[in-house]
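In my numbering, the protein residues as written are 1 to 219. We treat Cβ as the ideally placed atom computed from N, Cα and C, and that holds for glycine. Owing to the predicted nature of the structure, the values given are computational and were not obtained by experimental measurement.
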């Protein structure tokens, strides 16, 4: 049994640090900032898309995005763990999943270096089958390439793979990869988005994820 987790909004509440880094980049480039409450709707498709979305519409050109990214990265590299925390019950879920012999992996649209550091900082005692972030030349979710990369590292029948995320992007990723999905209600996006994107399961606490995995493992 393999459980693949999205990172931001699923395992970790990263929104405050993402908002701070993005607002820093906006300030450095002379653009208006956004309230932290706006950021759950900006994130989800990687840093490049985040920076594009926060810019004024007439400023969304590649040179501006590249300049923003340099400032974003210089801030985020230093401050990415300042306000970020695991969601309640996540550590217990991961520990119990590993005790059952289930493999666990991460599939994130966040750039690889940040994903690696966050996982090492917050979940150092968990043995991960794969930790995959955004890499140059590899399409981001909802393209299923990241799931296929994880399956290459940890070969598992698709009937024994559960993909867990908090957004429509995640639900579409799972469907395109041909694996079962679980949408979590504690993340950045509303339940309606999960429903509209045909989540196979919608869960409101981590224990429900374990129950779904147990059911799939027994089938």
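Checklist entry - Skipping 5 residues on each side, what residues in its chain have a beta carbon closer than 8 Å to that of residue 162? => result Within the chain shown, residue 162 is the residue found at index 162, counting from 1. So the list reads 1, 2, 3, 4, 179, 180, 181, 182, 209, 212, 213 and 216, once near-sequence residues are dropped.
Item to check | DSSP three-state assignment for residue 85, whether helix, strand or coil | outcome: Against the chain shown, residue 85 aligns to sequence position 85. Looking at residue 85 - three-state DSSP - the assignment turns out to be strand.
Checklist entry - Whose C-beta lies closer than 8 Å to the C-beta of residue 24 among residues of the same chain, with five residues either side of it excluded? => result Sequence index remark: in the chain shown, residue 24 carries index 24 (1-based). Within the same chain, residue 24 has close Cβ partners 71, 72 and 75.
Checklist entry - What separation, rounded to the nearest whole angstrom, lies between the Cα atoms of residue 177 and residue 78? => result The count along the chain shown starts at 1 and reaches residue 177 at position 177. The count along the chain shown starts at 1 and reaches residue 78 at position 78. Going by the C-alpha atoms only, they are around 34 Å apart.
Checklist entry - Measuring CB to CB, does residue 106 end up less than 8 Å from residue 7? => result Mapped onto the chain shown, residue 106 falls at position 106. Mapped onto the chain shown, residue 7 falls at position 7. It is a contact, given that the beta carbons lie within the stated cut-off.
Next on the checklist: Between which residues of its own chain and residue 10 is the CB-CB distance below 8 Å, once the five residues before and five after are set aside?
Outcome noted: Position 10 of the chain shown, counted from the start, is the residue given in the question as residue 10. These residues qualify, in order along the chain: 87, 164, 165, 166, 170, 184 and 187.
Checklist entry - So, helix, strand or coil for residue 258, using DSSP? => result In the structure as shown, the chain starts at 1 and stops at 219, and residue 258 therefore has no counterpart that could be examined.
Item to check | Straight-line Cα distance separating residue 122 from residue 192 | outcome: Looking up residue 192 in the chain shown gives position 192. Looking up residue 122 in the chain shown gives position 122. When rounded, the distance between both Cα atoms is 30 Å.
Checklist entry - Residues bridged to residue 202 by DSSP? => result Here residue 202 corresponds to residue number 202 of the chain shown, with the count starting at 1. Residue 202 is bridged to 183.
Item to check | Closest Cα partner of residue 133 within the set 84, 124, 116 and 61 | outcome: Locating residue 133 in the chain shown gives position 133, counting from the first residue. Closest option to residue 133, Cα to Cα, is 116.
Checklist entry - Would you report the Cα separation of residue 63 and residue 28, rounded to the nearest angstrom? => result Taking the chain shown and counting its residues from 1, the one referred to as residue 63 is at position 63. Taking the chain shown and counting its residues from 1, the one referred to as residue 28 is at position 28. C-alpha separation (whole angstroms): 15 Å.
Next on the checklist: Need the endpoints of the beta strand (DSSP E) that residue 165 sits in, please.
Outcome noted: Here residue 165 refers to the residue found at position 165 of the chain shown. Looking at the DSSP string, the run of the beta strand (DSSP E) that includes residue 165 is 161 to 165.
Item to check | Expected contact under 8 Å - CB spacing of residue 172 and residue 142 to nearest Å | outcome: Along the chain shown, one-based indexing puts residue 172 at 172. Along the chain shown, one-based indexing puts residue 142 at 142. Residue 172 to residue 142, Cβ: 4 Å. Contact.
Checklist entry - Apart from the five residues on each side of it in sequence, which residues of its chain come closer than 8 Å, Cβ to Cβ, to residue 59? => result Reading the chain shown from its first residue, position 59 is the one you call residue 59. Closer than 8 Å at Cβ, skipping near neighbours: 31.
Item to check | N- and C-terminal bounds of the beta strand (DSSP E) containing residue 107 | outcome: Residue 107 sits at position 107 when you count from the first residue of the chain shown. Residues 103 to 111.
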